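What follows is a short report on a single structure.
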Amino acid sequence: MSSRDKSSAPLRSLNLPAEYEDLEGLIQADLKAVVNVLTSRAHERLLLTRREHRELQVALWNRLTEVLGVTMEPLTAEVR
Numbered sequence: 039m040s041s042r043d044k045s046s047a048p049l050r051s052l053n054l055p056a057e058y059e060d061l062e063g064l065i066q067a068d069l070k071a072v073v074n075v076l077t078s079r080a081h082e083r084l085l086l087t088r089r090e091h092r093e094l095q096v097a098l099w100n101r102l103t104e105v106l107g108v109t110m111e112p113l114t115a116e117v118r
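Here our numbering is used: the first residue of the sequence shown is 39, the next is one more, and so on.
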């Protein structure tokens with residue numbers, strides 16, 4: 039196992055409530071674009087190493103998917 043495999047956390051999957059399942063693919067594509075644009079800019083401007091760049095991608099992706107899941111969970115038919 040390389041050091042890169044040890045240091046990077048796994049990517050979280052996007053989990054939306056059933057009412058929004060049909061939007062997961064679209065939202066996932068948009069999230070990928072947002073993560074790529076932000077991390078590419080940070081990589082260019084801050085001269086991040088490959089490792090820092092990858093860690094930023096993983097951290098940003100995981101936080102965004104977590105926030106979306108938590109925010110959308112109360113907006114279900116079951117909760118209402």
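All C-beta atoms in this analysis are idealised placements derived from N, C-alpha and C, irrespective of residue type, glycine included. In this text, all values refer to a predicted model and were calculated from it rather than measured experimentally.
Query: Using three-state DSSP, classify Leu61 as helix, strand or coil.; Result: helix
Query: Okay, do the region 51 to 62 and the region 107 to 118 touch, 3+ Cβ pairs below 8 Å being the bar?; Result: yes
Query: For Val105, count the other beta carbons within 10 Å of its own beta carbon; 16 or more makes it buried, fewer makes it exposed. Which is it?; Result: exposed
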